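Colleague:
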Amino acid sequence: MIDVGILGLDTSHPETFAAILDDREGVTVGAVWDGGDVRDESYTTAFCEEYDAIRYDEPRELIGEVDAIMILTVDWSVHRSLAVPFLEGGIPTMIDKPLAGSVADVDAIEAAAERGDAPLFGGSAVPFHPDAATVTELTPQTVFGSGYGDPFYYGAHLIDTVRLAVDADWTRVEPVDAAEQIIAISFENGATATVHFDGPETEGSFSFLCVSDDETGVTKIESTVTELERMYDPFLDGFLETARGERDERDRLVDGAQLLLAVQQAFETGEPFPPGEDASATAPTIDSAAFVATYEPYY
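Residue numbers (UniProt numbering): 1 to 299.
1. From residue 215 to residue 257, what does the alpha carbon distance come to, in whole angstroms?
2. Report the option in 230, 212, 194 whose CA atom is closest to the CA atom of residue 263.
3. Quick one: any contact between the region 114–132 and the region 150–160, if contact means 3 or more CB pairs under 8 Å?
4. What three-state label does DSSP hand residue 106 in the structure shown?
5. Express the C-alpha separation of residue 107 and residue 254 in angstroms, rounding to a whole number.
6. Going by DSSP in three states, residue 120 sits in which element: helix, strand or coil?
7. Output yes or no for whether 7 Å exceeds the beta carbon distance between residue 93 and residue 118.
8. Pick helix, strand or coil for residue 127, following the three-state DSSP scheme.
9. Should the region 51–61 be called in touch with the region 25–34, which here means at least 3 C-beta pairs below 8 Å?
10. Looking at C-alpha atoms only, which residue of 22, 50, 59, 23 is the closest neighbour of residue 35?
11. Could you work out which residue in 208, 184, 166, 179 is closest to residue 172 when comparing CA atoms only?
12. Could you please give the first and the last residue of the uninterrupted beta strand (DSSP E) stretch that includes residue 84?
13. What is the DSSP secondary structure of residue 277, reduced to helix, strand or coil?
14. Can you check which of these residues, 273, 244, 189, 138, is closest to residue 213 by C-alpha distance?
15. Starting from residue 3, follow its DSSP beta bridges and name the residues at the other end.
16. Just checking residue 184 against the ligand NAD - is the residue's beta carbon closer than 6 Å to any of the ligand's heavy atoms?
17. Contact between the region 143–152 and the region 195–209 is defined here as three or more beta-carbon pairs at a separation below 8 Å; is this criterion met?
18. Please check the pair residue 112 and residue 84, which I expect to be a contact at CB under 8 Å, by giving their CB distance rounded to whole angstroms.
19. With distance defined between alpha-carbon atoms, name the residue in 229, 175, 26 nearest to residue 271.
20. Judging by CA-CA distance, which residue of 11, 226, 168 is the nearest neighbour of residue 40?
21. Pull up the distance between the alpha-carbon of residue 226 and that of residue 232, whole angstroms please.
22. If the criterion is Cβ atoms closer than 7 Å, does the pair residue 260 and residue 156 meet it?
23. Going along the chain, which residues of its own chain have a beta-carbon closer than 6 Å to the beta-carbon of residue 5, five neighbours each way excluded?
24. Taking only runs of the alpha helix (DSSP H) that begin and end inside the region 184–244, which ones reach a length of at least 4 residues, in chain order?
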């Protein structure tokens with residue numbers, strides 16, 4: 001039996017994920033903590049009653065009570081403080097997108113996972129959408145992507161999908177048009193990506209065109225509830241593999257998180273941004289307060 005704990009009920013993810021996991025054999029959602037940023041007391045109480053889960057007053061109280069933890073708070077500024085104790089304790093950990101809002105936080109999460117030898121999973125679920133396989137399985141040399149919404153919170157969908165498709169660490173980001181939020185990304189294996197973060201809001205989709213040496217793949221993933229939920233089953237398959245110690249996405253997630261921060265820096269300065277020893281000093285800290293204050297879950 002895999003006993004899963006959830007930290008944060010802010011988004012629609014906890015409800016959807018818990019319902020899927022509850023139907024899986026050998027899995028239970030047994031422990032919950034919520035900070036009250038988005039949901040009220042009655043919602044949290046009803047959630048715990050629905051899944052017969054114990055509600056805890058402090059996140060650390062779940063250590064020793066669960067086999068794996070899901071950190072699902074919309075406030076990315078608390079991901080580090082929530083994740084580190086579990087990672088240091090060797091507990092398989094999933095962190096929802098975006099992984100963290102600063103290079104220092106990303107580095108701390110990576111270091112905690114290394115110290116505890118804990119597998120890490122999470123980020124965006126978009127790369128796990130069945131239609132995304134059209135592009136993520138090509139190992140392309142050229143990628144074009146377009147999305148919409150907040151370039152950091154929703155931009156994680158684009159970056160995580162591109163990073164999974166290319167399957168290599170990034171080396172450089174360069175703004176093509178900072179005002180229109182178009183960026184060019186170079187990777188260690190010679191692949192390149194051009195990503196438009198400020199696509200049409202009315203369309204509300206994530207689109208990708210990938211070109212390999214002998215094949216081209218195109219996909220468009222709509223942001224409807226139906227399409228979003230199609231990606232959650234395979235995404236949670238990955239989480240359960242992580243919980244069983246069969247999977248560890250640490251390298252991809254950390255590199256993608258650093259890339260997402262570098263993109264924000266390039267947009268802010270209008271200048272290229274290479275990684276390096278001084279990255280922590282120059283990459284911005286993305287404040288979550290304004291986003292959290294206006295955030296409303298899909299349901």
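Ideal placement from N, C-alpha and C gives every residue a C-beta, glycine not left out. Computed from a predicted model, the values in this text were never measured in an experiment.
Modeller: Let's see:
1. About 28 Å.
2. For the set 230, 212, 194, the Cα lying nearest the Cα of residue 263 is the one of 194.
3. Flag = yes, the region 114–132 and the region 150–160 touch.
4. DSSP, read as helix, strand or coil, puts residue 106 in helix.
5. Their backbone Cα atoms lie some 8 Å apart in a straight line.
6. Here residue 120 sits in strand by DSSP.
7. Going by C-beta atoms, residue 93 is nearer than 7 Å to residue 118.
8. Three-state DSSP puts residue 127 in a helix.
9. The answer is yes - the region 25–34 touches the region 51–61, with three or more Cβ pairs under 8 Å.
10. Nearest neighbour of residue 35 by Cα position, chosen from 22, 50, 59, 23, turns out to be 59.
11. Out of 208, 184, 166, 179, 184 has the C-alpha closest to the C-alpha of residue 172.
12. Residue 84 -> not in any beta strand (DSSP E); alpha helix (DSSP H) instead, spanning 79–88.
13. Annotation note: pLDDT 49 at residue 277 (below 50); position unreliable, coordinate value reported separately. Coil.
14. The closest CA to that of residue 213, considering only 273, 244, 189, 138, is found on 138.
15. According to DSSP, which records beta bridges pairwise, residue 3 is partnered with 28.
16. Looking at this structure, you won't find the ligand NAD or any other ligand, since it has none at all.
17. Yes, the region 143–152 is in contact with the region 195–209.
18. Between residue 84 and residue 112 the Cβ distance is about 4 Å, and since that is below 8 Å, they are a contact.
19. With distances taken between Cα atoms, residue 271 lies closest to 175.
20. Ranking 11, 226, 168 by Cα distance to residue 40 puts 11 first.
21. CA-to-CA, the gap between residue 226 and residue 232 works out to about 10 Å.
22. In contact: residue 260 and residue 156 (Cβ atoms closer than 7 Å).
23. Correct list, in chain order: 31, 62, 66, 69.
24. Counting whole runs of 4 or more residues, the region 184–244 contains the alpha helix (DSSP H) stretches 225–230, 232–243.
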